[in-house]
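Enquirer: Heads up, the sequence shown is in this note's numbering, so the first residue is 2 and it goes up one at a time.
Please read through the structure below; I'll follow up with questions.
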Amino acid sequence: MASSTSSVIQVRDVIIIGAGPSGLGVAARLHEPLPAANFTDDEHRRFHWIKQYRASKTTTKNQRKGAGKQRNASVPSTVPPELDLLALDASGKSWMQRWQGLFKTFDISHLRSPMFFHVDPSERDALLSYAYANDRSDELRELHGCVGKELSKYQRKKRERMGRQQQNIPTIDERDRKDYYVPSTPLFFSHCDCIVDRYQLSDTMLSQEQVEDIRYDYVRDFSDEQKIFCIKTNKGCHYSKIAVLAIGGNPPQIPYPLKPGEMEGATHAMDIKAFPPLYVQKKIANKARTNVLVVGGGLTSAQIADLAARRGVSKVWLIMRGPLKIKHFDIGLEWVGKFRNVEHAQFWNSETADERCKKIMDARNGGSITPYYKKIVEKHIAMGRVDMLLHTTIDSMKWDPSSKIWDVSLKGERQDLPPIDHIYFATGVGTNYESLPCLQSMCHDYPIENCGGFPCITEKMAWREDVPLFVAGRFAALQLGPGAHNLIGARIGADRIAWSIQEMLGKEEGGDRANWTQDKFNYLTGRGSRYDALANIPVAG
Numbered sequence: 002m003a004s005s006t007s008s009v010i011q012v013r014d015v016i017i018i019g020a021g022p023s024g025l026g027v028a029a030r031l032h033e034p035l036p037a038a039n040f041t042d043d044e045h046r047r048f049h050w051i052k053q054y055r056a057s058k059t060t061t062k063n064q065r066k067g068a069g070k071q072r073n074a075s076v077p078s079t080v081p082p083e084l085d086l087l088a089l090d091a092s093g094k095s096w097m098q099r100w101q102g103l104f105k106t107f108d109i110s111h112l113r114s115p116m117f118f119h120v121d122p123s124e125r126d127a128l129l130s131y132a133y134a135n136d137r138s139d140e141l142r143e144l145h146g147c148v149g150k151e152l153s154k155y156q157r158k159k160r161e162r163m164g165r166q167q168q169n170i171p172t173i174d175e176r177d178r179k180d181y182y183v184p185s186t187p188l189f190f191s192h193c194d195c196i197v198d199r200y201q202l203s204d205t206m207l208s209q210e211q212v213e214d215i216r217y218d219y220v221r222d223f224s225d226e227q228k229i230f231c232i233k234t235n236k237g238c239h240y241s242k243i244a245v246l247a248i249g250g251n252p253p254q255i256p257y258p259l260k261p262g263e264m265e266g267a268t269h270a271m272d273i274k275a276f277p278p279l280y281v282q283k284k285i286a287n288k289a290r291t292n293v294l295v296v297g298g299g300l301t302s303a304q305i306a307d308l309a310a311r312r313g314v315s316k317v318w319l320i321m322r323g324p325l326k327i328k329h330f331d332i333g334l335e336w337v338g339k340f341r342n343v344e345h346a347q348f349w350n351s352e353t354a355d356e357r358c359k360k361i362m363d364a365r366n367g368g369s370i371t372p373y374y375k376k377i378v379e380k381h382i383a384m385g386r387v388d389m390l391l392h393t394t395i396d397s398m399k400w401d402p403s404s405k406i407w408d409v410s411l412k413g414e415r416q417d418l419p420p421i422d423h424i425y426f427a428t429g430v431g432t433n434y435e436s437l438p439c440l441q442s443m444c445h446d447y448p449i450e451n452c453g454g455f456p457c458i459t460e461k462m463a464w465r466e467d468v469p470l471f472v473a474g475r476f477a478a479l480q481l482g483p484g485a486h487n488l489i490g491a492r493i494g495a496d497r498i499a500w501s502i503q504e505m506l507g508k509e510e511g512g513d514r515a516n517w518t519q520d521k522f523n524y525l526t527g528r529g530s531r532y533d534a535l536a537n538i539p540v541a542g
């Protein structure tokens, strides 16, 4: 629904920067009239009680003979289907294209996330339902060791009487077993395609463009009274009333300074184009001995080591600066299981941003690999194809461009390595919004507090109260918690952002736009007169 205020420029309702999980989650949620709750039944009932309590304090009048129904101030408005939305992404022209490319590069068969980690706003168990509805339950893999390991109250008391120390016991029981499977990669992306089709988020609303700058100011060709966003890309400028920043983090950087001539011999995991590089593939084809060094302690490093061994590399050296950490997810089970609201309550009750930042760092606790990949790496180690060196870092590295060989020395138990053909840095991406090129104008014109690289955004997920730039994904961690980096953070963040956007657009448009979905909700749940509700719901065609 483009603005008709000016014939010179097109001003959209919302522009989403990023077409990954967070961007898709926001777009889908904005088009879902009846989103599923992210809470328990008890919490949901309490929400409705609060809603009713607030509504009882508001005087409402039946104005059907006048200009339409009066908007209930306690009910956030909902955006109708004619929302004018555009998504910008540098990676491709379709949703989730960057993710699909990385999964294909690393040959990932299954996700790390459990079944309720997805971006479908319609239902908490949407991915599980999709798998069974399409006879694809055989593509689910159980996460062993998550479920059924807890102690009963009797067992706990017995351990206390015997003086045995309490252990960290998983807080997931048999009732939740169905959640603790992981979907196959094809199943997950098929579900994402289903979301795109259901909400008609066609590729026509997505443009492959690199965002270079974001400004929020008055535009002479639009209005002297209302600020809008001017989003500059490598292909031009786009204008919108609201913007959503839904990017995955800072650009990947190799943590060791490399000269231009050395870049051929080293690659960041997020920048892999061919695996292994062509010159290494030629050595493998000629049956020459090859050695690859992988730096990093997270799941990606294990996936690269496994892939290199399977692609014919003679020996893979996997080094990490700390101990090997084994976890099903990149956050602890206490943030995922049925008692996760306890952790979130403590997080949200933190008095300062520094306290929240510390909780995020403690919960994530650096890189880790899954028990599944631990077994895979151990098999390669037993066969002599992989060697893992813990508490080890690179001391020096020298590249010979003629032979295309690295001379690497280490700090740790082992100092020397054989000639290395290629180095992969699976060291993740940084988190510092102030260093993002596209946010330089925003940081200058509308500065906000920086805490550990995360922006201190508002509770409504906005940059500032007076700046409707909403933040999703990892950069929203100070509001979403440690799960902001994950699919669950994408869905919860999208829900909170959508409420804020709907409230803004509803206040701006007023009237029927503020009430049409509430009428649909009232009709489906039997609240009030169904005839009144049907009279105000727009009819297609």
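From the three backbone atoms N, C-alpha and C, an ideal C-beta is built for every residue, glycine too.
None of these values were measured; they are calculated from a predicted model.
Less than 9 Å between the beta carbons of residue 247 and residue 217, yes or no?
Expert: The sequence position of residue 247 within the sequence shown is 246, counting from 1. The sequence position of residue 217 within the sequence shown is 216, counting from 1. No, they are not a contact pair.
Enquirer: Output the distance between the C-alpha atoms of residue 127 and residue 121, rounded to the nearest integer angstrom.
Expert: As a first step, residue 127 is located in the sequence shown; it is residue number 126 there, counting from the start. As a first step, residue 121 is located in the sequence shown; it is residue number 120 there, counting from the start. Spanning the two alpha carbons is a distance of roughly 7 Å.
Enquirer: Take the Cβ of residue 343 as the centre, count every other Cβ of all protein chains shown within 10 Å, and call the residue buried at 16 or more, exposed below.
Expert: Taking the first residue of the sequence shown as position 1, residue 343 is located at position 342. By the neighbour-count rule (16 or more Cβ atoms within 10 Å), residue 343 is not buried but exposed.
Enquirer: Using DSSP with H/G/I as helix, E/B as strand and the rest coil, what is residue 276?
Expert: In the sequence shown, residue 276 corresponds to position 275, counting from 1. Correct three-state label for residue 276: coil.
Enquirer: Quick one: Cα of residue 309 to Cα of residue 84, how far?
Expert: Residue numbering aside, residue 309 sits at position 308 when the sequence shown is read from its first letter. Residue numbering aside, residue 84 sits at position 83 when the sequence shown is read from its first letter. If I take the Cα positions, the gap works out to 46 Å.
Enquirer: Could you give the first and the last residue of the continuous alpha helix (DSSP H) run that contains residue 197?
Expert: Start at 1 with the first residue of the sequence shown, and residue 197 comes out as number 196. Residues 186–199.
Enquirer: For residue 52, count the other beta carbons within 10 Å of its own beta carbon; 16 or more makes it buried, fewer makes it exposed. Which is it?
Expert: The sequence position of residue 52 within the sequence shown is 51, counting from 1. Since pLDDT at residue 52 reaches only 47, below the 50 mark, its modelled position is unreliable, and no value is offered.
Enquirer: Compare the beta carbon distance of residue 20 and residue 207 with 9 Å and say whether it is the shorter of the two.
Expert: Within the sequence shown, residue 20 is the residue found at index 19, counting from 1. Within the sequence shown, residue 207 is the residue found at index 206, counting from 1. Result yes, Cβ atoms of residue 20 and residue 207 sit closer than 9 Å.
Enquirer: If contacts are defined as beta-carbon pairs under 8 Å, then residue 312 and residue 276 qualify, I think. What distance do you get, rounded to the angstrom?
Expert: Reading the sequence shown from its first residue, position 311 is the one you call residue 312. Reading the sequence shown from its first residue, position 275 is the one you call residue 276. Going by Cβ atoms, the distance from residue 312 to residue 276 rounds to 7 Å, so yes, they are a contact pair.
Enquirer: CB-CB under 7 Å to residue 505, same chain, minus the five flanking residues each way: which ones, in chain order?
Expert: By one-based count along the sequence shown, residue 505 stands at place 504. Hits under 7 Å: 243, 469.
Enquirer: What does DSSP give as the partner residue(s) for residue 456 in the beta ladder?
Expert: Along the sequence shown, read from residue 1 onward, the residue named residue 456 stands at position 455. DSSP, once it has assigned bridges, lists 451 as partnering residue 456.
Enquirer: Considering residue 88, what are the terminal residues of the alpha helix (DSSP H) in which it resides?
Expert: Mapped onto the sequence shown, residue 88 falls at position 87. Counting along the chain, residue 88 falls outside any alpha helix (DSSP H), though it belongs to the beta strand (DSSP E) covering 86–90.
Enquirer: Since I believe residue 454 is in contact with residue 23 (beta carbons under 8 Å), could you give me their beta-carbon distance rounded to a whole number of angstroms?
Expert: For the purposes of this step, residue 23 is identified with residue 22 of the sequence shown, where counting begins at 1. For the purposes of this step, residue 454 is identified with residue 453 of the sequence shown, where counting begins at 1. Not a contact, Cβ separation roughly 17 Å.
Enquirer: Give, in chain order, every unbroken run of the beta strand (DSSP E) that is at least 3 residues long and sits entirely within the stretch 236–322.
Expert: Qualifying beta strand (DSSP E) stretches, in chain order: 237–246, 267–269, 292–296, 316–320.
Enquirer: Is it right to say residue 17 is buried, meaning 16 or more other beta carbons lie within 10 angstroms of its own, or is it exposed?
Expert: Locating residue 17 in the sequence shown gives position 16, counting from the first residue. By the neighbour-count rule (16 or more Cβ atoms within 10 Å), residue 17 is buried.
Enquirer: Less than 9 Å between the beta carbons of residue 492 and residue 119, yes or no?
Expert: Numbered from 1 along the sequence shown, position 491 holds the residue referred to as residue 492. Numbered from 1 along the sequence shown, position 118 holds the residue referred to as residue 119. Yes; because the gap between Cβ atoms is below 9 Å, this pair is in contact.
Enquirer: Determine whether the beta carbon atoms of residue 272 and residue 253 lie at a separation below 9 Å.
Expert: For the purposes of this step, residue 272 is identified with residue 271 of the sequence shown, where counting begins at 1. For the purposes of this step, residue 253 is identified with residue 252 of the sequence shown, where counting begins at 1. Closer than 9 Å, so yes.
Enquirer: Measuring alpha carbon to alpha carbon, tell me which residue in 497, 90, 420 is nearest residue 249.
Expert: On the sequence shown, position 248 is the one that residue 249 refers to. Among 497, 90, 420, the Cα nearest to that of residue 249 is on 90.
Enquirer: Would you check if the distance between the CB atom of residue 111 and the CB atom of residue 205 is smaller than 9 Å?
Expert: Stepping through the sequence shown from its first residue, residue 111 is reached at position 110. Stepping through the sequence shown from its first residue, residue 205 is reached at position 204. No; because the gap between Cβ atoms is not below 9 Å, this pair is not in contact.
Enquirer: How is the beta strand (DSSP E) around residue 13 delimited, first residue to last?
Expert: Counting from 1 along the sequence shown, the entry for residue 13 is found at position 12. Start and end: 12–18.
Enquirer: Express the C-alpha separation of residue 266 and residue 373 in angstroms, rounding to a whole number.
Expert: As a working note, residue 373 is residue 372 in the sequence shown. As a working note, residue 266 is residue 265 in the sequence shown. One C-alpha to the other measures close to 30 Å.
Enquirer: Measure the Cβ-Cβ separation of residue 391 and residue 411 and say whether it is below 9 Å.
Expert: As a working note, residue 391 is residue 390 in the sequence shown. As a working note, residue 411 is residue 410 in the sequence shown. No.
Enquirer: Drop a sphere of 10 angstroms on the beta-carbon of residue 67, count the other beta-carbons inside from all chains shown, and report buried for 16 or more, exposed for fewer.
Expert: Here residue 67 refers to the residue found at position 66 of the sequence shown. Residue confidence is low: residue 67 scores 39 on pLDDT, short of 50, so the model does not pin down where it sits. No coordinate-derived value is stated.
Enquirer: Please classify residue 348: does DSSP put it in a helix, a strand, or coil?
Expert: Position 347 of the sequence shown holds residue 348. Residue 348 falls in the helix class under three-state DSSP.
Enquirer: Can you tell which of 221, 92, 103 has the C-alpha that lies nearest to the C-alpha of residue 10?
Expert: Counted from its first residue, the sequence shown places residue 10 at position 9. Selected option, being the one with the closest Cα: 221.
Enquirer: Residues in its own chain within less than 8 Å of residue 238 by CB, not counting five upstream and five downstream?
Expert: Along the sequence shown, read from residue 1 onward, the residue named residue 238 stands at position 237. The residues are 231, 232.
Enquirer: Compare the Cα-Cα distances from residue 383 to each of 316, 424, 365 and report the closest residue.
Expert: Along the sequence shown, read from residue 1 onward, the residue named residue 383 stands at position 382. Comparing Cα-Cα distances from residue 383 to each of 316, 424, 365, the minimum goes to 316.
Enquirer: Suppose the cutoff is 7 Å on Cβ atoms and the five residues either side in sequence are ignored; what does the same chain contact list for residue 481 look like?
Expert: The count along the sequence shown starts at 1 and reaches residue 481 at position 480. Closer than 7 Å at the Cβ level, and outside the excluded window around residue 481, lie 490, 493, 494.
Enquirer: Within the same chain, show all residues whose beta-carbon is closer than 7 Å to that of residue 197, passing over the 5 residues directly before and after it, in chain order.
Expert: Taking the first residue of the sequence shown as position 1, residue 197 is located at position 196. These residues qualify, in order along the chain: 96.
Enquirer: In the DSSP output, what is residue 111 paired with across the bridge?
Expert: Walking along the sequence shown from the start, residue 111 turns up at place 110. Answer is 185.
Enquirer: Using three-state DSSP, classify residue 137 as helix, strand or coil.
Expert: Residue numbering aside, residue 137 sits at position 136 when the sequence shown is read from its first letter. It is coil, neither helix nor strand.
Enquirer: So, residue 219 versus residue 211, is the Cβ gap smaller than 9 Å?
Expert: Numbered from 1 along the sequence shown, position 218 holds the residue referred to as residue 219. Numbered from 1 along the sequence shown, position 210 holds the residue referred to as residue 211. In this structure, residue 211 does not lie closer than 9 Å to residue 219 by Cβ.
Enquirer: If distances are taken between C-alpha atoms only, which option among 398, 201, 115 comes closest to residue 182?
Expert: Counted from its first residue, the sequence shown places residue 182 at position 181. Here the closest residue by C-alpha is 115.
Enquirer: Measuring CA to CA, which of 303, 138, 448 is closest to residue 380?
Expert: By 1-based counting over the sequence shown, the position of residue 380 is 379. Nearest option by C-alpha distance: 303.
Enquirer: How would you write the range of the alpha helix (DSSP H) that residue 362 sits in, first residue to last?
Expert: Within the sequence shown, the letter at position 361 stands for residue 362. Run containing residue 362: 354–365, per the alpha helix (DSSP H) assignment.
Enquirer: Are the beta-carbon atoms of residue 320 and residue 234 separated by less than 9 Å?
Expert: Counted from its first residue, the sequence shown places residue 320 at position 319. Counted from its first residue, the sequence shown places residue 234 at position 233. Their beta carbons are not under 9 Å apart, which means residue 320 does not touch residue 234 by this criterion.
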